[in-house]
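A.B. asks: One structure coming up, written as structure tokens, with questions to follow.
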DNA sequence: TCAAAAGTGTTGACATTACACCCATGT
DNA sequence: ACATGGGTGTAATGTCAACACTTTTGA
């Protein structure tokens, strides 16, 4: 077992997309009284871990992700560091820490990342028996300050989606326009006109139509598309306007 | 002297606006050989400090700001945490740390903030004899990874300026439209048509014309404006579009 | 009187929005 | 045959970019 740095951790908000809903991967946290068997704590937390001695924080986040999803080389972005001295001070969190990690410092600063994964590639049940997906708008009870982390991650994701084509990270390599549209609708929590969305997307040179057709649960077969990061990088123009 | 947490620090990129230029406040770092008097290190760094035991990281940033500028309640935003194990590994930085702070950990994670100040309210020479303002596009040699921090802070500031009216933090309470315009031009590094800018700004209900006239170095007196945060908060509508 | 900055409107191009019908296919 | 989602065009509106002349006033 490698040595941890006890006052710095990383937490990962792992987003996936399924059933036309934006989901978050959470891990169950349970604590029973040793004698009575009474459930003292039963809630969920994000995936996180302390950083190791000699480990970059970005690498710590990648490690957590690999451990919990089995995935590597996925979209990962640091969005905020939580360093309030009271962030672990709720009684149930104190109870959890005292019981499970008695040696860990009382003031842990957590560097938070969000990552976007193609949820068809993750099988949380196999990877980690206590993990499961929850829709972002129907979260269970959460430990620590993880609810705040998720809502802040979502805010960052929304802002990012608005400016950069990160949504594709959440879809399989090949996708249809309606999948893409419902992804945008789910993340931005809005409705989009299908024809206008089509028009917008067809201007994006980096969304490339394939010859293939997809029978994505629909009656009529829909055209499949892929996202080309390469084309995106080459054709991006950093427009600046004055608009707020 | 209060106890510090040796592996966590905050660094502040303090932006000001003067001479129609976006400026950064930097502190001189000098190290001379004790015997020969030879200058071993002569460069600049950001303002930073380790967090104290029992101190929130946001409060640590406020403390650094207060110490270096004398100002309180100013715009401050956490933008990124630097946690690479090699970030302090350049020979001159190692020499500096070994000489000045021999007890400090080798792996310091730094939580970075940028702040926006009305530079007319700061007198860095009085506040701190080794501090001075530098235009962001004419930086001196910098210690540690502070050059990267500044360029990342600038990126975050640009994105923010695009979406929210933070620029006013850099101006005196009363300002003219040409001051505001040259602020936008300096930060976004672009030229803006004066008439279009005027049109845009006059739609912003939170930029409020005063009866006063200002003789801001110009021949003709210009109208003075103030920014109302209150009006902004009440009239903001979070528009979402699909545009990148 | 003139140089330098302030103040102001119009037009064309482009982007966004709203909206309705036909098509292909699996049931 | 029909229900479901796929595919497409047009008109109205709003926003952005380009552009030139007059006014004020300090030197």
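Residue numbers (the working numbering), protein chains in the order written: chain P, 1 to 244; chain Y, 245 to 488. Positions of the beta carbon are idealized from the N, C-alpha and C atoms, including for glycine.
In the structure shown, what three-state DSSP assignment does residue 430/Y receive?
C.D. replies: If DSSP states are grouped into helix, strand and coil, residue 430/Y belongs with the helices.
A.B. asks: Taking the beta carbon of residue 301/Y as the centre, do at least 16 other beta carbons fall within 10 Å, making it buried, or is it exposed?
C.D. replies: By the neighbour-count rule (16 or more Cβ atoms within 10 Å), residue 301/Y is buried.
A.B. asks: Please identify the residue among 347/Y, 304/Y, 291/Y, 359/Y whose C-alpha is closest to the C-alpha of residue 85/P.
C.D. replies: Of 347/Y, 304/Y, 291/Y, 359/Y, the residue nearest in Cα terms is 304/Y.
A.B. asks: Do residue 188/P and residue 16/P have their beta-carbon atoms positioned less than 8 Å apart in this structure?
C.D. replies: Not in contact: residue 16/P and residue 188/P (Cβ atoms no closer than 8 Å).
A.B. asks: Report the option in 384/Y, 465/Y, 443/Y whose CA atom is closest to the CA atom of residue 455/Y.
C.D. replies: Per the Cα distances, 465/Y.
A.B. asks: Less than 8 Å between the C-beta atoms of residue 296/Y and residue 246/Y, yes or no?
C.D. replies: Yes, the pair counts as a contact, with Cβ atoms nearer than the cut-off.
A.B. asks: Determine the chain Y residues that contact residue 81/P at a beta-carbon separation under 8 Å, and present them in chain order.
C.D. replies: What residue 81/P touches in chain Y: 301, 322, 325, 355.
A.B. asks: Show which residues of chain P have a CB atom less than 9 Å away from the CB atom of residue 251/Y.
C.D. replies: Under the 9 Å cutoff, chain P gives 5, 7, 8.
A.B. asks: Answer with yes or no whether the minimum CB distance from residue 85/P to chain Y is below 8 Å.
C.D. replies: Answer yes: the Cβ-Cβ gap between residue 85/P and chain Y drops below 8 Å somewhere.
A.B. asks: At what residues does the alpha helix (DSSP H) containing residue 294/Y begin and finish?
C.D. replies: That residue, residue 294/Y, is in no alpha helix (DSSP H); its beta strand (DSSP E) goes 291 to 296.
A.B. asks: Okay, do the region 262 to 277 of chain Y and the region 372 to 380 of chain Y touch, 3+ Cβ pairs below 8 Å being the bar?
C.D. replies: They touch, by the three-pair rule.
A.B. asks: Pull up the DSSP beta-bridge partners for residue 358/Y, would you.
C.D. replies: 257/Y, 321/Y.
A.B. asks: My guess is that residue 74/P and residue 115/P are in contact by the Cβ rule of under 8 Å, so how many angstroms apart are they, rounded?
C.D. replies: The Cβ separation is near 6 Å, so the contact holds.
A.B. asks: Hey, how far is the Cα of residue 196/P from the Cα of residue 177/P?
C.D. replies: Looking at the two C-alpha atoms, the distance is approximately 12 Å.
A.B. asks: How is the alpha helix (DSSP H) around residue 418/Y delimited, first residue to last?
C.D. replies: Segment: none, residue 418/Y is in no alpha helix (DSSP H) and carries neither H nor E.
A.B. asks: For residue 411/Y and chain P, any beta-carbon pair shorter than 8 Å?
C.D. replies: For residue 411/Y, the answer is no, since every Cβ of chain P falls outside 8 Å of its Cβ.
A.B. asks: Please confirm if residue 37/P has its CB atom under 8 Å from at least one CB of chain Y.
C.D. replies: Judged by the 8 Å Cβ criterion, residue 37/P is not in contact with chain Y.
A.B. asks: Beta-carbon of residue 260/Y versus every beta-carbon of chain P: anything under 8 Å?
C.D. replies: Taking Cβ atoms only, chain P never reaches closer than 8 Å to residue 260/Y, which makes this a no.
A.B. asks: Shorter than 8 Å from the beta carbon of residue 70/P to some beta carbon of chain Y?
C.D. replies: No, its Cβ sits nowhere closer than 8 Å to a Cβ of chain Y.
A.B. asks: Tell me, please, which residues DSSP counts as bridged to residue 273/Y.
C.D. replies: In DSSP, residue 273/Y forms a bridge with 287/Y.
A.B. asks: Quick one: residues in its chain with C-beta nearer than 6 Å to the C-beta of residue 390/Y, no 5 flanking neighbours on either side, listed in chain order?
C.D. replies: Same-chain partners within the cutoff: 289, 290.
A.B. asks: Starting from residue 253/P, follow the beta strand (DSSP E) in both directions and report where the run begins and ends.
C.D. replies: Because chain P in this structure spans residues 1 to 244, residue 253/P falls outside the shown range and cannot be described.
A.B. asks: List, in chain order, every chain P residue whose beta-carbon is nearer than 8 Å to that of residue 298/Y.
C.D. replies: Near residue 298/Y (Cβ distances below 8 Å), the residues of chain P are 85, 107.
A.B. asks: Among 203/P, 4/P, 87/P, 128/P, which one has its Cα closest to the Cα of residue 143/P?
C.D. replies: Here the closest residue by C-alpha is 87/P.
A.B. asks: Would DSSP call residue 329/Y helix, strand or coil?
C.D. replies: It is coil, neither helix nor strand.
A.B. asks: Could you check which residue in 199/P, 43/P, 112/P, 214/P has the C-alpha nearest to that of residue 289/P?
C.D. replies: Residue 289/P lies beyond the residue range present for chain P, which begins at 1 and ends at 244; the question has no answer from this structure.
A.B. asks: With a threshold of 8 Å, are at least 3 pairs of Cβ atoms found where one atom belongs to the region 156 to 167 of chain P and the other to the region 92 to 101 of chain P?
C.D. replies: At 8 Å Cβ cutoff, the stretches do not touch.
A.B. asks: Expressed to the nearest angstrom, what Euclidean distance is found between the alpha-carbon atoms of residue 342/Y and residue 67/P?
C.D. replies: Each residue's Cα considered, the two are about 37 Å apart.
A.B. asks: Are the beta-carbon atoms belonging to residue 353/Y and residue 8/P less than 8 Å from one another?
C.D. replies: Contact flag set, yes.
A.B. asks: State buried or exposed for residue 181/P, treating a residue as buried only when at least 16 other CB atoms are found within 10 Å of its CB.
C.D. replies: By the 10 Å Cβ count, residue 181/P comes out buried.
A.B. asks: So if DSSP puts residue 304/Y in a beta bridge, which residue, or which two residues, is it bridged to?
C.D. replies: Its beta-bridge partners do not exist; DSSP assigns none.
A.B. asks: Helix, strand or coil, according to DSSP, for residue 128/P in the structure here?
C.D. replies: It is coil, neither helix nor strand.
A.B. asks: What is the DSSP secondary structure of residue 365/Y, reduced to helix, strand or coil?
C.D. replies: Residue state, collapsed to three classes: helix.
A.B. asks: Go ahead and label residue 435/Y buried or exposed: buried means 16 or more other beta carbons lie within 10 angstroms of its beta carbon, across all protein chains shown.
C.D. replies: Exposed, by the Cβ-count rule.
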